[in-house]
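Heads up, the thing below is written out as structure tokens.
Residue numbers (the numbering used here), protein chains in the order written: chain A, 9 to 127; chain B, 116 to 221.
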């Protein structure tokens, strides 16, 4: 069974960084992109970017360049997203999701990780 | 960047009824559109990809159609568990979500 298990909620101070994890199981980790998606409270979904576990290559939504950094650890089949210089605008639920390399939509999603930025 | 305009933003329908949601892309997306169901506290659930292909296990009450810039998604025989927010996603050129449609049952 494909599962994407995300880390728990985070409360972080403005200006700090946070690193969210997404542990994959039930499939070949290197066979799919891993995406990250943001949902601010009451708003739509925003695609942040994707990382290829096969070679570490990344693509970002221009809006999140400099804000998000996507990495993977192949030894533990875990993807990470680090968010830097946090402000209240970064308070949101963040999801990881996988897709096929060949122009695929995201088919399996994590349960989401809530990040709250507050002093 | 490709923009996706989804409408309506909310709708209300009766059990057993039918609803239709549309998404208009800012350019031709070559049928690379997917539709998701999203319930609070969970990750979105993929219902349809490549315009009209149902994911395994998704009932045929859900359907999609379209081409070029214009796409639609329908749910027939509405059931209580269909209460959710629905999103379109273009994945022809990177990824862009529509604004979402909140479905309520009358």
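Built from N, CA and C at the ideal position, the CB exists for glycine as well.
If you're wondering where the values come from, they're calculated on a predicted model, not measured in any experiment.
Less than 7 Å separating the beta-carbons of residue 152 of chain B and residue 203 of chain B? No; because the gap between Cβ atoms is not below 7 Å, this pair is not in contact.
For residue 128 of chain A, three-class secondary structure by DSSP: Absent from the structure is residue 128 of chain A, since the part of chain A shown begins at 9 and ends at 127.
Contacting positions in the stretch 199 to 217 of chain B - beta carbon closer than 8 Å to chain A: Listed in sequence order: 202, 204, 206, 207, 209, 210, 211, 212, 213, 214, 215.
Closer than 7 Å by C-beta to residue 146 of chain B: which residues in its own chain qualify, once you throw out the five before and the five after it? Chain order, please. Closer than 7 Å at Cβ, skipping near neighbours: 165, 166, 182.
Neighbourhood of residue 24 of chain A by C-beta, 7 Å cutoff - its chain only, sequence neighbours within 5 removed: 94, listed in sequence order.
First and last residue of the beta strand (DSSP E) that includes residue 127 of chain B? For residue 127 of chain B, the enclosing beta strand (DSSP E) covers residues 125 to 128.
Name, in chain order, the residues that DSSP records as bridge partners for residue 88 of chain A. Beta bridge pairing from DSSP links residue 88 of chain A with A:29, A:79.
Tell me which residues share the same chain as residue 200 of chain B and place their Cβ nearer than 6 Å to its Cβ, disregarding the 5 neighbours each side in the sequence. In its chain, beyond the 5 residues on either side, 153, 215, 217 have a beta carbon closer than 6 Å to the beta carbon of residue 200 of chain B.
Where do the N-terminal and C-terminal ends of the beta strand (DSSP E) with residue 177 of chain B fall, by residue? Bounds of the beta strand (DSSP E) holding residue 177 of chain B are 177 to 182.
Do the stretch 61 to 76 of chain A and the stretch 129 to 139 of chain B make contact, defined as three or more Cβ pairs closer than 8 Å? The answer is no - the stretch 129 to 139 of chain B does not touch the stretch 61 to 76 of chain A, with fewer than three Cβ pairs under 8 Å.
For residue 96 of chain A, which three-state DSSP category applies? Secondary structure of residue 96 of chain A (DSSP, three-state): helix.
Does the pairing of the stretch 39 to 52 of chain A with the stretch 15 to 22 of chain A give three or more beta-carbon distances under 8 Å? The stretch 39 to 52 of chain A makes no contact with the stretch 15 to 22 of chain A, as fewer than three CB pairs between them are under 8 Å.
Going by beta-carbon coordinates alone, are residue 88 of chain A and residue 27 of chain A separated by less than 7 Å? Cβ distance < 7 Å, so residue 88 of chain A and residue 27 of chain A count as in contact.
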